[in-house]
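Quick note, the sequence shown lines up with residues 5 to 325 if you use this note's numbering.
Don't be surprised by glycine CBs; every beta carbon is placed ideally from N, CA and C.
Structure record follows, encoded as structure tokens.
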Amino acid sequence: MGILLAEKKFKLEVIRLNNTSVSDLSILAMAGKKFFSVDISGTPVKDVSMLKEINFLTADGCTELDFATLVKLKKLYRLSLRDTKLNDLEFLHNFTELEQLNINGTPLTNEQIQEFHVRFKKNRLEKNKAASSKRDPLKLDIHPEIKDPLLRVLADNSDYNPELALEAGEKLLAQRTERKDIKQILKDLIAICDKQWRKYFYIETPEGRKKYEFCNQSEKRFRYISETGDFSAPVSIASVADPIAEIVGLIPFIYENKKKYKAYETVENSSFYHVSAILEIVSKTKYHDVTLAQVEEAVKKSDYVEYKIEKNGDMYIKVQK
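Laid out in structure tokens, this is it:
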């Protein structure tokens with residue numbers, strides 16, 4: 005890295021050193037204003053004073069970091085110090101351009117965070133009165149102002165510990181009969197899942213694929229609930245006396261109410277769609293253990309749709325004219 009910087013062989017914009025053994029950042033001073041974002045998360049870095057021109061600094065898990073060296077980084081827009089030993093926010097009052105501060109997992113108390121936030125907000129309002137370019141209010145990733153315990157867990161962990169946030173969200177949904185904020189809770193849960201499945205989309209490991217699938221399916225479920233108000237959980241198709249007849253009856257209902265199911269699959273009357281679209285809708289909204297063979301048999305007995313079978317055996321269906 006040092007040789008490339010010294011010879012200026014490329015234009016630096018983003019430096020990612022996260023989870024490396026790098027401990028000395030002095031070489032980065034040679035890049036001058038060529039970069040704006042540095043990620044040193046999980047490194048043993050102690051001194052960041054030479055990064056005074058950057059706008060974004062991510063230093064999550066930097067347990068050796070000397071926070072006194074942050075003082076010179078007054079051009080920061082975003083600062084992330086999650087899982088560090090940060091125990092004082094006083095020096096950040098001089099960071100007049102700061103817009104996002106992540107401090108989850110630090111020893112800071114609710115009182116410290118609230119006092120800092122109130123004062124920072126007041127100072128920003130005063131500065132905005134005289135400034136031609138107004139700064140947005142500072143966003144924190146931790147919310148001591150939220151008194152509802154479950155809502156607090158949901159808000160604090162939406163990006164920090166998504167699994168914990170989703171767990172809190174499920175508990176909040178279970179309280180729906182006594183709450184008036186379910187729509188907003190669903191909106192928050194959808195946003196969390198959307199961000200997470202996109203994060204894991206390109207991670208080709210068993211764990212990555214598992215998390216992708218979970219978040220992707222959870223988002224679809226929350227969207228479906230949000231759009232339909234249907235909180236019911238799918239049951240076993242074995243509970244139905246005649247599964248095939250039941251699916252035959254569901255097929256026209258699905259097409260006639262297709263907007264209701266768009267969170268899971270898109271179906272249109274005039275085009276052929278793979279029969280798996282019906283399988284997906286039925287399995288996610290009515291009968292969790294319905295099989296492709298059962299759906300295909302129901303299609304063959306239905307007067308509502310026509311079907312064709314490709315050479316590979318795949319069935320496609322559309323509404324009969």
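Assigned secondary structure, lysine 187 (DSSP; H/G/I helix, E/B strand, else coil):
helix
Measure the alpha-carbon distance for arginine 128 versus serine 137 and round it to whole angstroms.
12 Å
Determine the direct distance from the alpha carbon of asparagine 114 to that of phenylalanine 95, and round the result to whole angstroms.
18 Å
Buried versus exposed, by CB contacts within 10 Å (16 or more), valine 303:
buried
I'd like the list of long-range same chain contacts for proline 148, defined as Cβ closer than 6 Å, with 5 residues on each side in sequence excluded.
Asn114, Ile117, Gln118
My output table needs one value for isoleucine 58: the three-state DSSP class, helix, strand or coil.
coil
Specify, as a first and last residue, the run of the beta strand (DSSP E) that arginine 82 falls within.
82 to 84
Could you give the first and the last residue of the continuous beta strand (DSSP E) run that contains arginine 20?
18 to 20
Please classify leucine 144: does DSSP put it in a helix, a strand, or coil?
strand
Report back the beta-carbon spacing between methionine 54 and leucine 29 to the nearest angstrom; my notes put them in contact at under 8 Å.
6 Å
By how many angstroms is the C-alpha of leucine 144 removed from the C-alpha of histidine 97?
14 Å
Going by DSSP, what residue range makes up the alpha helix (DSSP H) through tyrosine 216?
210 to 232
By the three-class DSSP mapping on this structure, what secondary structure does aspartate 307 have?
coil
Within this structure, are the beta carbons of isoleucine 241 and tyrosine 308 separated by less than 8 Å?
no
Is leucine 176 near leucine 158, with beta carbons less than 8 Å apart?
yes
Lysine 131 to lysine 78, Cα distance in whole Å?
16 Å
Assuming glutamate 231 contacts lysine 264 under a Cβ cut-off of 8 Å, what Cβ separation, rounded to an integer in Å, is found between them?
7 Å
Can you tell me where the alpha helix (DSSP H) with glutamine 324 in it begins and where it stops?
It is not in any alpha helix (DSSP H) - glutamine 324 carries neither H nor E in the DSSP assignment.
Report all residues from its chain with a CB closer than 8 Å to the CB of valine 294; omit the five preceding and five following residues, and keep chain order.
Ile241, Pro247, Ile251, Leu283, Val286, Ser287
Backbone secondary structure at lysine 125 - three-state DSSP
helix
For glutamine 200, name the three-state secondary structure that DSSP assigns.
helix
I need the straight-line Cα distance from glycine 46 to glycine 317, nearest angstrom please.
51 Å
Considering Cα atoms alone, identify which of Val299, Leu155, Lys266, Lys262 is closest to serine 280.
Val299
Rounded C-alpha distance that separates valine 42 from alanine 172
32 Å
Which word fits serine 306, buried or exposed, when buried means at least 16 other C-beta atoms lie within 10 angstroms of its C-beta?
buried
For glutamate 11, I'd like the list of residues in its chain whose CB is within less than 7 Å of its CB, leaving aside the five on either flank, ordered along the chain.
Because the pLDDT at glutamate 11 is just 42, under 50, the model does not fix this residue reliably, and the point stays unresolved.
Might you give, ordered along the chain, the residues of its own chain that have their beta carbon closer than 6 Å to the beta carbon of valine 18, omitting 5 neighbours on each side?
Ser41
Which class does glutamine 298 belong to by DSSP, given the choice of helix, strand or coil?
helix
Can you give the beta carbon distance from tyrosine 228 to histidine 278, rounded, assuming they're within the 8 Å contact cut?
About 20 Å separates the two Cβ atoms, so there is no contact after all.
Are the beta-carbon atoms belonging to lysine 322 and asparagine 261 less than 8 Å from one another?
no
Taking the beta strand (DSSP E) that serine 41 belongs to, which residues open and close that run?
41 to 43
Please list the terminal residues of the continuous alpha helix (DSSP H) segment that includes leucine 155.
153 to 160
Verify whether the separation of the beta carbon atoms of glycine 109 and tyrosine 164 is less than 8 Å.
yes
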